[in-house]
Each structure stands twice: as C-alpha cells, then as structure tokens.
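Asker: First residue of the sequence shown: 1394, per my numbering; consecutive thereafter.
All residues carry an ideal CB built from backbone N, CA and C; glycine is no exception.
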Amino acid sequence: MPATAKQPALSLTFVCLALLLLLPWQCATTDFGPERGEVRYDPSAPAAPLLSSYGFFSNLNGEWTPNDALIPYALVSPLFTDYAEKSRYVYIPEGEQAKYHDEEVFDFPTGTALIKTFWYPSEDGSERWIETRLLLKRAAGWEALPYIWREDGSDAELKVAGGRSKVSLQRMGQSSLDIDYVIPNKNQCKGCHSFDGRLESIGPKTRNLNRDLEYRSGRRNQLDYWLEAGLLDRLPPPESRAALADYLNEQEPLHDRAMAYLEINCGHCHRPEGPANTSGLYLSTLEERPAQLGICKSPVAAGKGSGGFKYDIVPGVPDSSILLYRMLHDDPGVRMPELGRSVVHAEGVQLISDWIAAMEGSCAQP
C-alpha cells in the first residue's frame, strides 16, 4: 500500500500476530538468526520525535515491516483496551539478556525496548493503526512514550500529551460500536505501570508468556524460544513454570479465567506494590485470602464508585457487588479500570458476573 493511502498497511508478520490471538497455529512469525537489522535506539539519547527514527520498523512502499532484531510475543491473557488489536515486540541489545523471574516481570537490561502497536480492522480489510507505545529501558529505569500514527500511515509522532481518536468498530453479529479511543499522556502511563514507586512493565511475566507461538521453525513455547534466542539468562523446566488461564477460553476453569482477567486488567494497580495498595483489594492470581480478593470486603474509600453497595464482592449476587458495578460503568468517576478503556468490555463483565454468581456463601453478619 502506498504511503499516501489513508491507513498504513500491515506486513504479513503483523497480520499473523493479530490472527495468533484467535488462531495461534495458523501463521509463522520471524525466527531469530545471525542477521539483525539496524536499530538506532540509543538509551542515553532523548526521545525521538518520530517512531521511524529508532529503526524498529522499515517502510518499503508504504508497508511497515518489523526489524529482524525484534522478537514478536503474545500474552496468554492480554489487557483489554477498547477492543483494540495489539502487536507486541521486544528488542534486547545484542549480547544482553533479561534475568528470569518466577513471579514478577523479567529484569530487562538497559537498552531494551517493549513495542506495542494498537490497531483496528477497517471496512476495506486493511488495518488502522492508532498508536505505538514504547517502553524504553534507560540507565535510570523505564520511560513510557506514546507515538500516534498519522492518518496517511507515513509515520507515528511522539505526543507526550496523548490524544484521542474516533473509531467505529463493526463486531461480528453485533451493531457498530463507536469508540472514543484515548491515547494516554506520558504521565498517565505511570498510573498503570507503577511498581513500588517506579515505572515497570506489566505483561512479560512467566505465567503470561507461557504459551506457544508458531515460528518459521515450527510451533514453540515462547519461553523456550526466548532462551534459545539469547533473550533470557535461564529458564526452569516446563513443569516448574506457572501459566495463566486464557480468560477467553471457556474450556478452562471459571475461577482461573476470572482471576487471570482481574490480574491483567486490575492487578497491576491492586497489589501491595501498586498505586491502589491502600484499597486493600489485591487482584492477583497469587492472592488466596478471600478478603483481599474483595469477598465480603467493604471498600476503603469508593465514593460514588460504590454505587451504594456494601461489599466489593457478594458471593452469589453479582448485581450487589461493587467490583462488577464499576466494570459496568463508563463514567470516569466510577469505572474501573480508570484508564485504558472508554467502553464496557461485555465479555469481561459476563465472565466476572458468572464467577461471582457461582460463589458459595454470603456476607451475612453473625
């Protein structure tokens, strides 16, 4: 597609990554090898005004192709962002490795880049790229940068103040959904990526990467692939690795799906090290205490976000649970998560509603 077209075209690799979310066995992604393209990312240099400046992608006749030095990855259970599709890549400087961690995100070396592009399908079958978010590992820590794609797809521009984009999404078997897509500003990124007061990545954890992808050399577990590519310093045997449930897979246990959904959509804030730590509501798959999961727990300070209800979760009664009430609203003063969505995630609401409805017990006082 020429660069003057209304929307940027996706290369085969991007299309494959999108399809991997639905049909992970259908396409092949790039294998690592001796040839690494020219990446121009200098962790000591200031942020570039254009995404193309980093060399993460090359533009040939209007088609953007990922650099050979980038490794694609996909999450078992991804964050919901207004039904946007996402393409993810990691770049680690040659000769460097990430340090493996059983429970938290890997410790990536200086010079690492996590690259995530958000896009929607267009009526003509092409893909409308909205933004590419970069997490760049500097010597002093991570820096989050939002790049917004031009309408003609010729490049993406750094917009530290964020932005908005109108999207009309046609979902299968449903009426068109009008989305006021919000690109967060640089400071808002800290709202989700905060860990003990510092900026941190969210997705690249063992349990959320422990899934297969199809590569040119065949279908492989991502973690094994990262080790062989030299991206990881070590890796325990498969039986010792945790794995999240896929919250969209109805064949998996309801409780596991619900907890995976809450962890990726809420748990980065609702944890002892997160910005919502004072709530006492910890939504991680590692949390087993009923009160910390919100069961019969009164909110610390929810204001109008409580909806007049008493408990975060009332077993068997989703319609009286604050957790579900906040998921059902798009009012900025009520909704949860606060950032990253402007519409209600119908499938997520149904999942959490079913999970609460299946709980036994009650919150009756003795």
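Could you check the C-alpha separation between residue 1729 and residue 1496 for me, to the nearest Å?
Answerer: Here residue 1729 is taken as the residue at index 336 of the sequence shown, counted from 1. Here residue 1496 is taken as the residue at index 103 of the sequence shown, counted from 1. Whole-angstrom Cα-Cα distance: 24 Å.
Asker: Out of curiosity, what's the CA-to-CA distance linking residue 1503 and residue 1454?
Answerer: One-based indexing of the sequence shown puts residue 1503 at position 110. One-based indexing of the sequence shown puts residue 1454 at position 61. Straight-line Cα distance between these residues: approximately 33 Å.
Asker: Go ahead and pull the three-state DSSP assignment for residue 1658.
Answerer: In the sequence shown, residue 1658 corresponds to position 265, counting from 1. Helix.
Asker: For a quick check, are the C-beta atoms of residue 1727 and residue 1698 less than 8 Å apart?
Answerer: In the sequence shown, the residue the question calls residue 1727 occupies position 334. In the sequence shown, the residue the question calls residue 1698 occupies position 305. Yes, the pair counts as a contact, with Cβ atoms nearer than the cut-off.
Asker: Taking the DSSP output, what are the residues bridged to residue 1479?
Answerer: Position 86 of the sequence shown, counting from 1, holds the residue named residue 1479. According to DSSP, residue 1479 bridges with 1511.
Asker: Hey, residue 1736 and residue 1747: beta-carbon distance below 8 Å or not?
Answerer: Working through the sequence shown from its first residue, we reach residue 1736 at position 343. Working through the sequence shown from its first residue, we reach residue 1747 at position 354. It is not a contact, given that the beta carbons lie outside the stated cut-off.
Asker: In the DSSP assignment, what are the bridge partners of residue 1530?
Answerer: For the purposes of this step, residue 1530 is taken as the residue at position 137 of the sequence shown. BP columns for residue 1530 point to 1535.
Asker: Roughly how many whole angstroms lie between the Cα atoms of residue 1437 and residue 1531?
Answerer: In the sequence shown, the residue the question calls residue 1437 occupies position 44. In the sequence shown, the residue the question calls residue 1531 occupies position 138. Near 7 Å, if we compare the C-alpha coordinates of residue 1531 and residue 1437.
Asker: What are the residues that DSSP puts in a beta bridge with residue 1562?
Answerer: The residue given as residue 1562 occupies position 169 in the sequence shown. BP columns for residue 1562 point to 1570.
Asker: Between the region 1557-1567 and the region 1609-1620, can you find at least three pairs of beta-carbon atoms closer than 8 Å?
Answerer: Touching, no.
Asker: So, do the region 1650-1666 and the region 1677-1691 have three or more beta carbon pairs nearer to each other than 8 Å?
Answerer: Yes, since at least three Cβ pairs between the region 1650-1666 and the region 1677-1691 fall closer than 8 Å, the two stretches touch.
Asker: Within its chain, find whatever has a CB closer than 6 Å to the CB of residue 1556; leave out the 5 residues flanking it on each side and keep chain order.
Answerer: The count along the sequence shown starts at 1 and reaches residue 1556 at position 163. So the qualifying residues of the chain are 1541, 1576.
Asker: Rounded to whole angstroms, what's the CA-CA distance from residue 1527 to residue 1539? Just pull it up for me.
Answerer: The residue labelled residue 1527 in the question sits at position 134 within the sequence shown. The residue labelled residue 1539 in the question sits at position 146 within the sequence shown. Taking the straight line from one Cα to the other gives about 6 Å.
Asker: For residue 1452, report the span of its beta strand (DSSP E) as first-last.
Answerer: Along the sequence shown, one-based indexing puts residue 1452 at 59. Taken as a continuous stretch (DSSP letters only), the beta strand (DSSP E) holding residue 1452 covers 1450-1453.
Asker: Among 1457, 1435, 1745, which one has its Cα closest to the Cα of residue 1484?
Answerer: Here residue 1484 refers to the residue found at position 91 when the sequence shown is read from its first residue. When only C-alpha atoms are compared, the closest one is 1435.
Asker: For residue 1766, name the three-state secondary structure that DSSP assigns.
Answerer: Absent from the structure is residue 1766, since the part of the chain shown begins at 1394 and ends at 1759.
Asker: Which value, in whole angstroms, describes the spacing of the CA atoms of residue 1545 and residue 1573?
Answerer: On the sequence shown, residue 1545 is found 152 positions in, with the first residue counted as 1. On the sequence shown, residue 1573 is found 180 positions in, with the first residue counted as 1. Distance between the alpha carbons of residue 1545 and residue 1573: 20 Å.
Asker: Who are residue 1458's beta bridge partners in DSSP?
Answerer: Indexing the sequence shown from 1 puts residue 1458 at position 65. Its beta-bridge partners are 1451.
Asker: Taking just the CA atoms, how far does residue 1709 sit from residue 1743?
Answerer: Walking along the sequence shown from the start, residue 1743 turns up at place 350. Walking along the sequence shown from the start, residue 1709 turns up at place 316. About 14 Å.
Asker: Which word fits residue 1661, buried or exposed, when buried means at least 16 other C-beta atoms lie within 10 angstroms of its C-beta?
Answerer: In the sequence shown, counting from the first residue as 1, residue 1661 sits at position 268. Residue 1661 should be labelled buried.
Asker: Can you name the start and end residues of the beta strand (DSSP E) that residue 1551 belongs to?
Answerer: Mapped onto the sequence shown, residue 1551 falls at position 158. It spans 1549-1551 - the beta strand (DSSP E) in which residue 1551 sits, taken as one unbroken run.
Asker: For residue 1433, which residues from the same chain have a beta carbon less than 7 Å from its beta carbon, with the 5 sequence-adjacent residues on both sides left out?
Answerer: The residue given as residue 1433 occupies position 40 in the sequence shown. Result list for residue 1433: 1446, 1447, 1448, in chain order.
Asker: Exposed or buried, which one is residue 1490 when buried takes at least 16 other CB atoms within 10 Å?
Answerer: Indexing the sequence shown from 1 puts residue 1490 at position 97. Classification for residue 1490: buried.
Asker: Rounded to the nearest angstrom, what separates residue 1751 and residue 1604 at their Cα positions?
Answerer: As a first step, residue 1751 is located in the sequence shown; it is residue number 358 there, counting from the start. As a first step, residue 1604 is located in the sequence shown; it is residue number 211 there, counting from the start. Taking the straight line from one Cα to the other gives about 28 Å.
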